[in-house]
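Here the structure is laid out as structure tokens; the discussion comes afterwards.
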Amino acid sequence: MSAAPLHDTASSALPDGFVQRLRGIHLQMVEAVLGGDGLDRVARLAADAAGAPVAIVIPRLGAVAVGHANAAHPVPTEDEQGALRRYVADRVKDRPSPVPPGLVSEVPIASGDEVVGAVILLTGGTPGPEAGEYLHLAAVASLTEVAIEEAKEEVEQNLRGSFLEDLRSRPDLEPREIVRRAGRLGCDLSRGAVVLCAELTTDRPRHVVALIGGEYPGALAQHMDDRVYAILPATGGDDAPEATLERGRRLAERLRQHGTVGLSSFYADPAEFSRAVQEAELVLDVLRQSDAPIAQDIGTGTYRLLFRVLASHPEEVRSFYEDTVAPIVRYDDQYRTDLVGTLESYLEQNCNMNATAAAIYAHRHTVAYRLERVKELTQLDPMLSEDRERLGLGLKAYRIIAPRLPK
Numbered sequence: 000m001s002a003a004p005l006h007d008t009a010s011s012a013l014p015d016g017f018v019q020r021l022r023g024i025h026l027q028m029v030e031a032v033l034g035g036d037g038l039d040r041v042a043r044l045a046a047d048a049a050g051a052p053v054a055i056v057i058p059r060l061g062a063v064a065v066g067h068a069n070a071a072h073p074v075p076t077e078d079e080q081g082a083l084r085r086y087v088a089d090r091v092k093d094r095p096s097p098v099p100p101g102l103v104s105e106v107p108i109a110s111g112d113e114v115v116g117a118v119i120l121l122t123g124g125t126p127g128p129e130a131g132e133y134l135h136l137a138a139v140a141s142l143t144e145v146a147i148e149e150a151k152e153e154v155e156q157n158l159r160g161s162f163l164e165d166l167r168s169r170p171d172l173e174p175r176e177i178v179r180r181a182g183r184l185g186c187d188l189s190r191g192a193v194v195l196c197a198e199l200t201t202d203r204p205r206h207v208v209a210l211i212g213g214e215y216p217g218a219l220a221q222h223m224d225d226r227v228y229a230i231l232p233a234t235g236g237d238d239a240p241e242a243t244l245e246r247g248r249r250l251a252e253r254l255r256q257h258g259t260v261g262l263s264s265f266y267a268d269p270a271e272f273s274r275a276v277q278e279a280e281l282v283l284d285v286l287r288q289s290d291a292p293i294a295q296d297i298g299t300g301t302y303r304l305l306f307r308v309l310a311s312h313p314e315e316v317r318s319f320y321e322d323t324v325a326p327i328v329r330y331d332d333q334y335r336t337d338l339v340g341t342l343e344s345y346l347e348q349n350c351n352m353n354a355t356a357a358a359i360y361a362h363r364h365t366v367a368y369r370l371e372r373v374k375e376l377t378q379l380d381p382m383l384s385e386d387r388e389r390l391g392l393g394l395k396a397y398r399i400i401a402p403r404l405p406k
């Protein structure tokens, strides 16, 4: 069922005085849009001219504007406005929808063949036969508002994309310039930030960007190069590093239904934000490509430290890897052994030989032999506390640089 169209006076001859009135109202509506008064003013002008309440509903803008011809006209409740919003959203998507109570007639807001909303005449007044003309004028003015808002959004997207791309590629950006540019986009980075990087499995990146903005007000998010990047400004007081990182983790967990998410550490200095971007990308790469079960450990202190070092001094992490577990990694690759897995299990089982044997389904003597091979190849003894610490850290270094190692 759909609302009946109003009488269309455009098809008949119009008196000169009426034409002048239409032009005057149209000019006022356009001035309201261009002057920033928005759809509320357009709805009021349409209601005054039509002699009955008028609602303008544009789902893509999240807008429901209602105008009244006089104070005696009933104001739609929130539930009634919600019903109008759902009705128009269905009509925009060409889905059948029951006509809400109080709807007299409607005029689509359309750009070519695309319908983006509706101007609706409501009960509560005494509209004349020419009321449809005023609804048509309101639809044209509303379409201008849509164009302006979409142009603003496109400009803002370009600014966000340019800013985030500069953070990725220009580590020489001045800290004050970073804070200034972010502030113009509504993001306060003066107290630090955490960076999020996500590779999506969904084909709705704009939905993910909107979700980030809804879950984390003040965040800057943008879809770039098949990934979504977001910079999450500091939150909280003296506990800002911990509070921001915890809030970022909750957001990352929410986004994991849409893809794989990497999260950086907290960086207080804007001069280091480019490293934060690199760190988030590194975490994402590791989570995507590593076959090791490290997803739950990726946020621990040791891993975080290694990621920070890798983002700023990758050669140091690579050198540490080469000085510790690289020989057993290469040995496993060459001879199809599992010295790395045995060593990891040995450390996870608190260096208990029997527990390690049970965990990897091997004989205790096999575990002992493999650990001896680890000692021979690395010159580090898994039985000695100091060497175990180096081996354990070497394994973590291996896990985070493994996706970047030559195959």
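For the sequence shown, numbering that gives the first Met the number 0 begins at 0 and goes up steadily by one. For each residue, glycine too, the CB sits at the ideal point set by N, CA and C. From a predicted model like this one, the values you see are computed outputs, not experimental measurements.
Validate contact between the region 135-147 and the region 20-33 using beta carbons, cut 8 Å, 3 pairs: yes
Buried or exposed for A294, please, with buried defined as at least 16 other CB atoms from any protein chain shown within 10 angstroms of its CB. Any reading at A294 is ruled out, since the residue's pLDDT is 49, under 50, leaving its predicted position unreliable.
A54 and A64: beta carbons closer than 8 Å? yes
If contact is defined by three or more beta carbon pairs under 8 Å, each pair taking one atom from either stretch, is the region 364-384 in contact with the region 244-263? no
In the DSSP output, which residue or residues are listed as bridge partners for M382? Answer is none; M382 lacks a bridge partner.
Between the CA atoms of I400 and H206 - distance to the nearest angstrom: One C-alpha to the other measures close to 32 Å.
Quick one: give me the first and last residue of the alpha helix (DSSP H) that V193 is part of. V193 -> not in any alpha helix (DSSP H); beta strand (DSSP E) instead, spanning 192-199.
Using a Cβ-Cβ cutoff of less than 6 Å, which residues in the same chain neighbour A267 once the five nearest sequence positions on both sides are dropped? Correct list, in chain order: G191.
Return yes when at least one heavy atom of the ligand FAD lies under 7 Å from the C-beta of G23, else no. Absent from the structure shown: the ligand FAD. Ligands present: none.
Which term fits R159, buried or exposed, when burial requires 16 or more other beta carbons within 10 angstroms of its beta carbon? buried
So for Q27, helix, strand or coil by DSSP? helix
Nearest-angstrom Cα distance between S104 and P232? 47 Å
Among the residues of its own chain, which have a CB less than 6 Å from the CB of V18, if the five just before and after it don't count? Cβ neighbours of V18 within its own chain (closer than 6 Å, five residues either side excluded): none.
Does the region 185-202 touch the region 218-237, meaning 3 or more C-beta pairs lie closer than 8 Å? yes
How is P269 classed by DSSP in three states: helix, strand or coil? helix
I need the DSSP call for L184, collapsed to helix, strand or coil. If DSSP states are grouped into helix, strand and coil, L184 belongs with coil.
Over the uninterrupted beta strand (DSSP E) stretch that includes E129, give me the two end residues. Looking at the DSSP string, E129 is not in any beta strand (DSSP E), and its letter there is neither H nor E.
Beta strand (DSSP E) segments (min. 3 residues) lying fully within the region 199-266: 219-223, 226-232, 258-262
Tell me whether Y360 is buried or exposed, calling it buried when 16 or more other Cβ atoms sit within 10 Å of its Cβ. Exposed, because fewer than 16 other Cβ atoms sit within 10 Å of the Cβ of Y360.
Span separating the alpha-carbon of L120 from that of I57: 15 Å
Tell me the DSSP secondary structure of R387 in three-state form. helix
So what does E105 bridge to, in DSSP terms? I119
Going by the CB atoms, is the gap between Y397 and V285 shorter than 8 Å? no
If you draw a straight line from the alpha carbon of R179 to that of F272, how long is it in whole angstroms? A straight line joining the alpha-carbon of R179 with that of F272 spans about 14 Å.
Assuming V56 is part of the alpha helix (DSSP H), what are its boundary residues? It is not in any alpha helix (DSSP H) - V56 instead sits in the beta strand (DSSP E) that spans 53-57.
Can you give me the start and stop residues for the beta strand (DSSP E) that G111 sits inside? Where G111 is concerned, there is no enclosing beta strand (DSSP E), given that its DSSP letter is neither H nor E.
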